[in-house]
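Here's the structure, in structure tokens; my notes come after.
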Amino acid sequence: MPIHVDLCPLCGASRSSLFDQRRFRDQPVTNRICENCGMVFQSPRMTDAELADFYQAEYRQLYQGSTGPNDKDLAIQRERAGVLVEFARPVIKPGVRHLDIGCSAGLLLQGFAEAFKAIPTGIEPGEAYRNYAQSSNLVVFPSRDALLADQPERFGLISMAHVLEHIAEPVAYLRELRERLLTPDGWLLLEVPNLYAHDSFEVAHLLAFSPHTLGQVVQQAGYQVKYTRQTGLPRTGLFPLYLQLLAQPDPGASQAEVQPETQVRLKRRLGLGQRKVITRLFPGLAWQPIETAIKKDPA
Ligand SMILES: [Zn+2]
430 MPIHVDLCPL
440 CGASRSSLFD
450 QRRFRDQPVT
460 NRICENCGMV
470 FQSPRMTDAE
480 LADFYQAEYR
490 QLYQGSTGPN
500 DKDLAIQRER
510 AGVLVEFARP
520 VIKPGVRHLD
530 IGCSAGLLLQ
540 GFAEAFKAIP
550 TGIEPGEAYR
560 NYAQSSNLVV
570 FPSRDALLAD
580 QPERFGLISM
590 AHVLEHIAEP
600 VAYLRELRER
610 LLTPDGWLLL
620 EVPNLYAHDS
630 FEVAHLLAFS
640 PHTLGQVVQQ
650 AGYQVKYTRQ
660 TGLPRTGLFP
670 LYLQLLAQPD
680 PGASQAEVQP
690 ETQVRLKRRL
700 GLGQRKVITR
710 LFPGLAWQPI
720 ETAIKKDPA
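Just add 429 to wherever you are in the sequence shown, counting from 1, and you've got the working numbering.
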């Protein structure tokens, strides 16, 4: 049975109104907007147990009979890693201890290891992906609890690419990372779909971030946002599908009140409208081809 989300995941207010309703793979997906702060979140949503089952079913459906991720998926991950390496380059110190949460096949970890001699550790719940990453000699834990049980040294860089939108309580989650796993002068690196360009209302996305609400979530968790960027790369150079953010711990930041966002519906309509026009005007340029002819590391 789906559960209703009674309190806004960003500000905790109880008043929300309907924002978007659709079907995704035969399941209804309803998103609401907080009337206090403008955060968009899925409600009702699957329970945590149902979400776990869903991931399991997706995984079987997509990868049954296969030992790992497919070429297209790997190619996208590799290209995304390259984009994030460039975004983070100004702040990353060589040899940093790097934790990637939701590390998938490990290509982001490898990208940072190659670019910065970063020392990689991953968390990946999906078994096929985890096995793939481990076959590339990466240290990958199945969960954050499993990593914590290992009592790791703190990390100077924690990245989450396309993970935060799957997390029901993002403020508490990021706060716990800061308190238990990140060094006091470490960096948090995030990438999420952009509510104003990416049409990503799907059943596993519990949150839909705008540039503003992403920054507010990070701040409420006790970080200071240092750099942000909107980019469509590696998929497109023409509209900002993704939000990227670099932040550092600043426990005092969580004392500030949530700054509300207004005109969220209008901004989304304008953003998606712009994307539609650009795609129509430049059909050959809007979406970049994915280079699937990649070299696989010898197993
Ligand atoms: Zn709110």
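Don't be surprised by glycine CBs; every beta carbon is placed ideally from N, CA and C.
Rounded to whole angstroms, what is the Cα-Cα separation between residue i and residue j?
i	j	result
residue 647	residue 634	18 Å
residue 434	residue 474	7 Å
residue 695	residue 586	35 Å
residue 520	residue 556	32 Å
residue 656	residue 674	6 Å
residue 609	residue 620	21 Å
residue 505	residue 663	7 Å
residue 431	residue 545	43 Å
residue 451	residue 460	9 Å
residue 697	residue 627	9 Å
residue 493	residue 499	Because the pLDDT at residue 493 is just 43, under 50, the model does not fix this residue reliably, and the value given afterwards should be weighed accordingly. So the alpha carbons of these two residues sit roughly 12 Å apart.
residue 701	residue 631	16 Å
residue 484	residue 677	31 Å
residue 653	residue 522	19 Å
residue 438	residue 603	12 Å
residue 579	residue 458	37 Å
residue 706	residue 713	13 Å
residue 515	residue 542	13 Å
residue 538	residue 618	12 Å
residue 614	residue 629	33 Å
residue 481	residue 685	34 Å
Mapping DSSP to helix, strand and coil, what is residue i?
i	result
residue 633	coil
residue 686	coil
residue 435	coil
residue 584	strand
residue 707	helix
residue 614	strand
residue 566	coil
residue 542	helix
residue 444	coil
Compare the Cα-Cα distances from residue i to each of the options and report the closest residue.
i	options	result
residue 554	546, 535, 566 and 543	535
residue 503	517, 526 and 533	533
residue 583	559, 708, 562 and 616	616
residue 470	526, 612 and 598	598
residue 448	467, 642 and 527	467
residue 660	464, 651 and 640	640
residue 718	611, 522 and 665	665
residue 527	543, 477, 515 and 548	548
residue 577	565, 588, 605 and 679	605
residue 581	681, 570, 564 and 537	570
residue 669	453, 699 and 476	699
residue 590	482, 512 and 518	512
residue 658	517, 710 and 687	517
Look at the Cβ atom of residue i, then the Cβ atom of residue j, and state whether they are nearer than 8 Å.
i	j	result
residue 462	residue 443	no
residue 715	residue 667	yes
residue 558	residue 623	no
residue 568	residue 550	yes
residue 552	residue 573	yes
residue 637	residue 594	yes
residue 612	residue 690	no
residue 562	residue 540	no
residue 805	residue 592	Nothing about residue 805 can be read from this structure; the chain reaches only from 430 to 728.
residue 588	residue 529	yes
Which runs of the alpha helix (DSSP H) spanning at least 4 residues fall entirely within the segment 448–521, listed in chain order?
477–492 and 500–517
Which complete beta strand (DSSP E) runs does the segment 646–670 hold, if anything under 3 residues is left out?
652–660
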